[in-house]
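Following: one structure in structure tokens, then a few remarks.
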Amino acid sequence: DGGITQSPKYLFRKEGQNVTLSCEQNLNHDAMYWYRQDPGQGLRLIYYSQIVNDFQKGDIAEGYSVSREKKESFPLTVTSAQKNPTAFYLCASKDTPWTHEQYFGPGTRLTVT
Amino acid sequence: ELKVEQNPLFLSMQEGKNYTIYCNYSTTSDRLYWYRQDPGKSLESLFVLLSNGAVKQEGRLMASLDTKARLSTLHITAAVHDLSATYFCAEGDSGGYQKVTFGTGTKLQVIP
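Order-wise, the sequence lines are chains A and B. Residue numbers for the first sequence follow the numbering used here, so the first one is 1 and each next one is one higher. Residue numbers for the second sequence follow the numbering used here, so the first one is 1 and each next one is one higher.
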């Protein structure tokens, strides 16, 4: 089955630790995205990537980093510089940056204490 | 800066009733998307609206787009409990990177 996988579903970390969230897709999509969702809020764009080895900051990139070394993978690292990292993180992909249909992964709920 | 506002933010309605969710957006974009999210789950694409006057229907949901008014609506007909979820509209940036800006969502609760 084609789709987007994110792991783990739940993640717990102590404050001050970096943590990496996984996002893998087997849809052969060029574009990939990371969003953050806080309770009762919409999604906010963290980073996006149009092609391999290229990525751009979104609206709330501070305290986050990404890499796009392979087409199918777009991991997100939440660094200790992110002041309020507890949130629901969603990865998404599109066939091309100009395609309208965006597919979402199941999400990772990160809790930092 | 793109800005998307939805209202109401919370909607409780009885089964069988009709209601409309409104989505106002800030630019002259002709790309508007509607998504559904169940509690603790990911987002599911419902509708993609790409031109002024576009209307799409799926079951009890109908979405429309008025680019001149910068308004999209999601109309619910004869609501059923299974429609209980949070509904998001999102505006697509017509620029090269096709960024999408989401509204804050409308939490719909359909009461039997």
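Quick reminder that beta carbons are idealized off the backbone N, C-alpha and C, glycines included.
message = Just to confirm before moving on: does the CB-CB distance between Gly42/A and Phe102/B stay below 8 angstroms?
response = Counted from its first residue, the first sequence places residue 42/A at position 42. Counted from its first residue, the second sequence places residue 102/B at position 102. The answer is yes: Cβ separation under 8 angstroms.
Select from Thr86/B, Ser64/B and Arg31/B the residue whose C-alpha is nearest the C-alpha of Ser42/B. Taking the first residue of the second sequence as 1, we reach residue 42/B at position 42. Answer by Cα proximity: Thr86/B.
**Asked** Where does Ser49/A land, buried or exposed, given buried means 16+ other C-beta within 10 angstroms?
**Response** Sequence index remark: in the first sequence, residue 49/A carries index 49 (1-based). Buried, by the Cβ-count rule.
Practice prompt. At 8 angstroms on the CB atoms, spell out the chain A contacts of Gly92/B, in chain order.
Written response: The residue labelled residue 92/B in the question sits at position 92 within the second sequence. Going along chain A in sequence order, the residues near Gly92/B (Cβ under 8 angstroms) are His100.
| task | Spell out whether any CB of chain B is found under 8 angstroms from the CB atom of Gln41/A. | result | Against the first sequence, residue 41/A aligns to sequence position 41. Yes - at least one Cβ of chain B is within 8 angstroms of the one on Gln41/A.
Exercise. Could one say the Cβ of Lys56/B lies closer than 8 angstroms to chain A's Cβ atoms, at least one of them?
Worked result: Position 56 of the second sequence, counted from the first residue, corresponds to residue 56/B. With 8 angstroms as the cut-off, Lys56/B does not count as an interface residue toward chain A.
Point to revise | DSSP-derived helix/strand/coil call for His81/B | key: Start at 1 with the first residue of the second sequence, and residue 81/B comes out as number 81. It is helical.
> So with Cβ pairs under 8 angstroms, would you call Phe104/A a contact of chain B?
Replying inline: For this step, residue 104/A is matched to residue 104 along the first sequence. Answer yes: the Cβ-Cβ gap between Phe104/A and chain B drops below 8 angstroms somewhere.
So, Leu65/B versus Asn52/B, is the Cβ gap smaller than 8 angstroms?
Position 65 of the second sequence holds residue 65/B. Position 52 of the second sequence holds residue 52/B. Taking 8 angstroms as the Cβ cut-off, Leu65/B and Asn52/B qualify as a contacting pair.
Is there contact between the stretch 81-95 of chain A and the stretch 73-91 of chain B, where contact requires at least three CB pairs shorter than 8 angstroms? Counting Cβ pairs under 8 angstroms, fewer than three are found: no touch.
Is there a C-beta anywhere in chain B that falls below 8 angstroms from the one on Leu76/A?
The sequence position of residue 76/A within the first sequence is 76, counting from 1. By this cut-off, Leu76/A is not an interface position.
Check: Run through DSSP, which three-state label would Ala69/B get?
Finding: Walking along the second sequence from the start, residue 69/B turns up at place 69. Residue state, collapsed to three classes: coil.
* Going straight from the alpha carbon of Met13/B to that of Val19/A, what length do you get? -> Here residue 13/B corresponds to residue number 13 of the second sequence, with the count starting at 1. Here residue 19/A corresponds to residue number 19 of the first sequence, with the count starting at 1. One C-alpha to the other measures close to 41 angstroms.
Check your understanding: Between the stretch 56-65 of chain A and the stretch 2-12 of chain A, are three or more C-beta pairs nearer than 8 angstroms?
Key -> Taking a cut-off of 8 angstroms for Cβ pairs, the stretch 56-65 of chain A and the stretch 2-12 of chain A do not touch, as fewer than three such pairs fall below it.
Worksheet entry | Alpha-carbon spacing of Trp34/B relative to Val4/B, whole angstroms | Residue 34/B sits at position 34 when you count from the first residue of the second sequence. Residue 4/B sits at position 4 when you count from the first residue of the second sequence. When rounded, the distance between both Cα atoms is 12 angstroms.
- Query: Going by alpha carbons, who is nearest to Pro106/A out of Ile60/A, Gly58/A and Cys91/A?
  - Reply: Locating residue 106/A in the first sequence gives position 106, counting from the first residue. Minimum Cα distance to Pro106/A is reached at Cys91/A.
inquiry  = Alpha carbons only, please: which of Gln25/A, Leu110/A and Gln17/A is nearest the one belonging to Gly3/A?
reply    = Mapped onto the first sequence, residue 3/A falls at position 3. Looking only at Gln25/A, Leu110/A and Gln17/A, the smallest Cα-Cα distance to Gly3/A is reached by Gln25/A.
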